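Asks:
Protein chains: 2
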Amino acid sequence: MKRNSRLSAVLHALLHMAERDRPMTSEELATCLHTNPVVVRRTMAGLRETGLVTSVRGHGGGWTLARALEDVSMRDIYAALGEPMLFQMGNVSESPGCLVEQAVNHALDDAFRDAEAMLIARLGEVTLATLADDFKRRFAEHRATLKQLG
Amino acid sequence: MKRNSRLSAVLHALLHMAERDRPMTSEELATCLHTNPVVVRRTMAGLRETGLVTSVRGHGGGWTLARALEDVSMRDIYAALGEPMLFQMGNVSESPGCLVEQAVNHALDDAFRDAEAMLIARLGEVTLATLADDFKRRFAEHRATLKQLG
DNA sequence: TTTTCATGTAATAATAATAGTTACGAATAG
DNA sequence: CTATTCGTAACTATTATTATTACATGAAAA
Ligand code: FES
Ligand code: FES
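Heads up: the sequence lines are chains U and C, in that order. So that you can map any letter, position 99 of the first sequence is 107 in this note's numbering, and since no number is skipped, the others follow by simple counting. So that you can map any letter, position 129 of the second sequence is 137 in this note's numbering, and since no number is skipped, the others follow by simple counting.
(1) Does any CB atom of chain U fall closer than 7 Å to the CB of C/Asp-84?
(2) Please determine whether the Cβ atom of U/Val-108 lies at a distance below 6 Å from any heavy atom of ligand 2.
(3) Mind checking if U/Val-134 is an interface residue toward chain C, Cβ cutoff 7 Å exclusive?
(4) Under 7 Å between C-beta atoms, does C/Arg-30 make it to chain U?
(5) Classify U/Phe-147 as buried or exposed, calling it buried when 16 or more other Cβ atoms lie within 10 Å of its own Cβ.
(6) Roughly how many angstroms lie between the CA atoms of U/Glu-57 and C/Ser-16, to the nearest whole one?
(7) Whose CA, out of U/Met-93, U/Glu-133, U/Phe-120, U/Val-108, lies closest to the CA of C/Lys-10?
(8) Taking a cut of 8 Å between CB atoms, which residues from the stretch 84-115 of chain U lie near chain C?
(9) Tell me the residue span of the beta strand (DSSP E) that contains C/Thr-62.
(10) Out of curiosity, what's the CA-to-CA distance linking C/Lys-144 and C/Ala-88?
(11) Would you verify that the beta carbon of U/Asp-117 is, or is not, closer than 7 Å to some beta carbon of chain C?
(12) Would you tell me roughly how many angstroms separate the C-alpha atoms of C/Cys-3 and C/Ala-21, rounded to the nearest one?
(13) In the DSSP output, which residue or residues are listed as bridge partners for U/Ser-81?
(14) Whose C-alpha, out of U/Glu-102, U/Ala-123, U/Thr-153, U/Ser-34, is nearest the C-alpha of U/Arg-65?
(15) State yes or no: is the C-beta of U/Thr-62 within less than 7 Å of the C-beta of U/Thr-72?
(16) With a 10 Å radius around its C-beta and 16 neighbouring C-beta atoms as the bar for buried, classify C/Arg-121 as buried or exposed.
(17) Chain C partners of U/Thr-142, CB-CB under 8 Å?
(18) Please classify U/Leu-107: does DSSP put it in a helix, a strand, or coil?
(19) Out of curiosity, what's the CA-to-CA distance linking C/Ala-123 and C/Arg-14?
(20) Taking a cut of 7 Å between CB atoms, which residues from the stretch 11-23 of chain U lie near chain C?
(21) What does the Cβ neighbour count give for U/Gly-98, buried or exposed, with the cut at 16 atoms within 10 Å?
(22) Which residues bound the alpha helix (DSSP H) around C/Thr-72?
(23) Using only alpha-carbon positions, find the residue among C/Val-48, C/Glu-91, C/Asp-79, C/Met-82 that is nearest to C/Gly-5.
(24) Given this structure, state the Cα-to-Cα distance separating U/Gly-68 from U/Val-134, to the nearest angstrom.
(25) Using a Cβ-Cβ cut-off of 7 Å, state whether C/Ala-123 counts as contacting chain U.
(26) For ligand 1, I want to know if U/His-24 counts as a neighbour, meaning its beta carbon is within less than 6 Å of at least one of the ligand's heavy atoms.
(27) So U/Ala-26 packs on U/Leu-157, CB below 8 Å; how close in whole Å?
(28) Kindly give me the distance between the Cβ atoms of C/Leu-107 and C/Val-80, rounded to whole angstroms, as I take these residues to be in contact under 8 Å.
(29) With a threshold of 8 Å on Cβ separation, who are the neighbours of U/Asn-44 within its own chain once the five nearest residues in sequence on each side are excluded?
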C-alpha cells in the first residue's frame with residue numbers, strides 16, 4: 009500500500025496559511041503541496057470540524073488558520089485527521105481462536121501500544137509555533153549560505 | 009495498503025515448529041496459518057538465511073527451528089524479515105527543497121525514529137520462550153475453564 | 001440578477017504494497 | 001525411477017491511499 013502522508017502534507021499547508029493575512033484557496037494550497045485541490049479539501053475537512061481552520065466559499069474565500077500557532081500541536085492535527093493507523097504491521101487476526109496466536113498477539117499488541125502512546129505524546133510536544141521557529145532558523149541559515157557564496 | 013502481518017504469522021509458525029520433533033512441511037504450516045505454502049516458503053526464506061531455521065528438500069523434508077527458544081527474540085525475527093517498514097505514515101517527500109517541508113520532516117522523523125527505537129527494543133525483550141510460556145499458561149487456563157463447565 | 005469564484009461531495013480511476021496462485025525446476029528419500 | 005518437498009519466477013487478487021472528474025451549493029462582484 010501507499011504510505012499515508014496526510015499529516016506531513018497538512019502541516020506544510022498550515023504553516024503556509026499562517027504566513028498569510030487572507031484566505032488561501034484549495035487551488036493555491038494544491039500547487040504548494042504538489043497535489044490536487046479536491047485532495048486538499050478532503051484533507052482539510054477534518055481540521056475544519058475540529059475548529060483548527062475555517063473555510064469560506066465564493067469570491068475571496070478559501071482556508072484560514074483559526075487558532076494561534078502555539079495552541080496547535082501535531083497531536084491535535086493527528087486527532088483532527090481521524091487518528092489514522094500509525095503502524096504498517098499488524099496481526100493476522102485480531103481475535104484468533106488459536107491460543108498460540110493469542111499469545112503472539114498479546115505480546116505484539118503490548119509493544120505496539122506502548123510505542124504508539126510514546127509517539128502520540130511526542131507529537132503533542134511539538135506545536136506549529138515550534139515548526140515555524142525551526143523554519144525561520146533554516147531560512148536564516150539558508151540566506152547566510154547564499155551570502156557567503158556570492 | 010494491506011497491513012504487513014508477516015511477523016505475526018512467522019511467530020505463530022515458529023512456536024508450532026518448536027513443539028514438534030520432526031520437520032514441518034510448508035503445506036502443514038500453511039494449513040495452520042490459513043495461507044498458502046508458497047507464501048510460507050517466501051516468508052521463511054529470510055529466517056533461513058539468518059540461520060533461525062533450516063529447510064530440507066524432498067521426502068521427509070520441511071522446516072526445523074535451528075535455535076533454542078530462549079535465544080530467539082521477536083527483534084531477531086523482525087530483522088530476519090528484512091526490517092520491514094514499521095509505520096504507515098510517512099513524509100510526502102524525503103528530501104524536499106522547500107524549507108517548511110524540511111522543518112516538518114525533521115520534527116516528524118524525530119518522533120518516529122524514537123518510537124521505532126523503543127518498539128524495536130521492546131521486541132528484543134520478548135523471546136520465543138516467553139511466548140511459549142504464555143501459551144502454556146493460556147492453555148492451562150483454557151483447560152480449567154472447560155473442566156469447570158463440565 | 002447574472003456571472004464568476006470557491007468550497008462540498010460523490011463517484012471513479014490510478015498507484016502501490018501485501019498476499020495468494022499457478023507453474024515448473026531441483027534436490028532427496030525410498 | 002518415483003514420490004515428495006523446497007526454491008522461485010510470474011501473474012493475479014486484495015486493499016489502502018491518492019488523484020481526477022463532474023456537478024451541486026453558496027457568496028461576492030459586475
Ligand atoms: S511550497 Fe510553499 S512553503 Fe513549501
Ligand atoms: S493453528 Fe496451530 S497453533 Fe495456532
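Heads up, the beta-carbon is just placed ideally off N, CA and C, and yes, glycines get one too. Keep in mind that this is a model prediction, so the values were computed, not measured.
Replies: Taking the structure as given:
(1) For the purposes of this step, residue 84 of chain C is taken as the residue at position 76 of the second sequence. No, its Cβ sits nowhere closer than 7 Å to a Cβ of chain U.
(2) Translated into the one-based positions of the first sequence, residue 108 of chain U becomes position 100. Ligand 2 approaches U/Val-108 closely enough that one of its heavy atoms is under 6 Å from the residue's Cβ.
(3) In the first sequence, counting from the first residue as 1, residue 134 of chain U sits at position 126. The beta carbon of U/Val-134 falls within 7 Å of a beta carbon belonging to chain C, placing the residue at that interface.
(4) Here residue 30 of chain C corresponds to residue number 22 of the second sequence, with the count starting at 1. So no, C/Arg-30 is outside the interface.
(5) Position 139 of the first sequence holds residue 147 of chain U. U/Phe-147 should be labelled exposed.
(6) Residue 57 of chain U sits at position 49 when you count from the first residue of the first sequence. Residue 16 of chain C sits at position 8 when you count from the first residue of the second sequence. Roughly 37 Å between the two C-alpha positions.
(7) Residue mapping note: residue 10 of chain C aligns to position 2 of the second sequence, counting from 1. When each option's Cα is compared against that of C/Lys-10, the closest is U/Met-93.
(8) Listed by position along the chain: Pro-92, Met-93, Leu-94, Phe-95, Gln-96, Met-97, Gly-98, Asn-99, Val-100, Cys-106, Leu-107, Val-108, Glu-109, Gln-110, Ala-111, Val-112, Asn-113, His-114, Ala-115.
(9) Mapped onto the second sequence, residue 62 of chain C falls at position 54. First-last of the beta strand (DSSP E) with C/Thr-62: 61-64.
(10) The residue you call residue 144 of chain C lines up with position 136 of the second sequence. The residue you call residue 88 of chain C lines up with position 80 of the second sequence. Going from the Cα of C/Lys-144 to the Cα of C/Ala-88 covers about 26 Å.
(11) Numbered from its first residue, the first sequence carries residue 117 of chain U at position 109. Answer no: the Cβ-Cβ gap between U/Asp-117 and chain C never drops below 7 Å.
(12) No answer is possible for residue 3 of chain C: it lies beyond the span of chain C, which begins at 9 and ends at 158.
(13) Mapped onto the first sequence, residue 81 of chain U falls at position 73. Assignment of beta-bridge partners to U/Ser-81 by DSSP yields U/Thr-135.
(14) Numbered from 1 along the first sequence, position 57 holds the residue referred to as residue 65 of chain U. The shortest C-alpha separation from U/Arg-65 is found at U/Ser-34.
(15) The count along the first sequence starts at 1 and reaches residue 62 of chain U at position 54. The count along the first sequence starts at 1 and reaches residue 72 of chain U at position 64. For the 7 Å CB-CB criterion, U/Thr-62 and U/Thr-72 form a contact.
(16) As a position in the second sequence, residue 121 of chain C is number 113, starting the count at 1. Classified as exposed, C/Arg-121 has fewer than 16 neighbouring CB atoms from the shown chains inside 10 Å of its CB.
(17) Within the first sequence, the letter at position 134 stands for residue 142 of chain U. In the sequence under discussion, the amino acid at residue 142 of chain U is Asp, which differs from the Thr named in the question. Those are Ala-111, His-114, Ala-115, listed as they occur along chain C.
(18) Translated into the one-based positions of the first sequence, residue 107 of chain U becomes position 99. In the displayed model, U/Leu-107 falls within a helix according to three-state DSSP.
(19) Position 115 of the second sequence holds residue 123 of chain C. Position 6 of the second sequence holds residue 14 of chain C. If you take the alpha carbons of C/Ala-123 and C/Arg-14, they lie about 20 Å apart.
(20) Flagged, chain order: Arg-11, Asn-12, Ser-13, Leu-15, Ser-16, Ala-17, Leu-19, His-20, Leu-23.
(21) Here residue 98 of chain U refers to the residue found at position 90 when the first sequence is read from its first residue. In summary, U/Gly-98 is buried, with 16 or more beta-carbon neighbours lying within 10 Å of its beta-carbon over all protein chains present.
(22) Along the second sequence, one-based indexing puts residue 72 of chain C at 64. No alpha helix (DSSP H) contains C/Thr-72, which is instead part of the beta strand (DSSP E) from 70-73.
(23) No statement about residue 5 of chain C is possible, as the shown extent of chain C runs from 9 to 158 and does not include it.
(24) For the purposes of this step, residue 68 of chain U is taken as the residue at position 60 of the first sequence. For the purposes of this step, residue 134 of chain U is taken as the residue at position 126 of the first sequence. Rounded to the nearest angstrom, the two C-alpha atoms are 32 Å apart.
(25) Walking along the second sequence from the start, residue 123 of chain C turns up at place 115. Yes - at least one Cβ of chain U is within 7 Å of the one on C/Ala-123.
(26) By one-based count along the first sequence, residue 24 of chain U stands at place 16. Between ligand 1 and U/His-24, a heavy atom-to-CB distance of less than 6 Å is present.
(27) Here residue 26 of chain U corresponds to residue number 18 of the first sequence, with the count starting at 1. Here residue 157 of chain U corresponds to residue number 149 of the first sequence, with the count starting at 1. In this structure, U/Ala-26 and U/Leu-157 do not form a Cβ contact; the two beta carbons are roughly 30 Å apart against a cut-off of 8 Å.
(28) In the second sequence, residue 107 of chain C corresponds to position 99, counting from 1. In the second sequence, residue 80 of chain C corresponds to position 72, counting from 1. Between C/Val-80 and C/Leu-107 the Cβ distance is about 45 Å, and since that is not below 8 Å, they are no contact.
(29) Mapped onto the first sequence, residue 44 of chain U falls at position 36. Counting only residues of its own chain and dropping the five nearest sequence neighbours on each side, U/Asn-44 has a CB closer than 8 Å to the CB of Ala-38.
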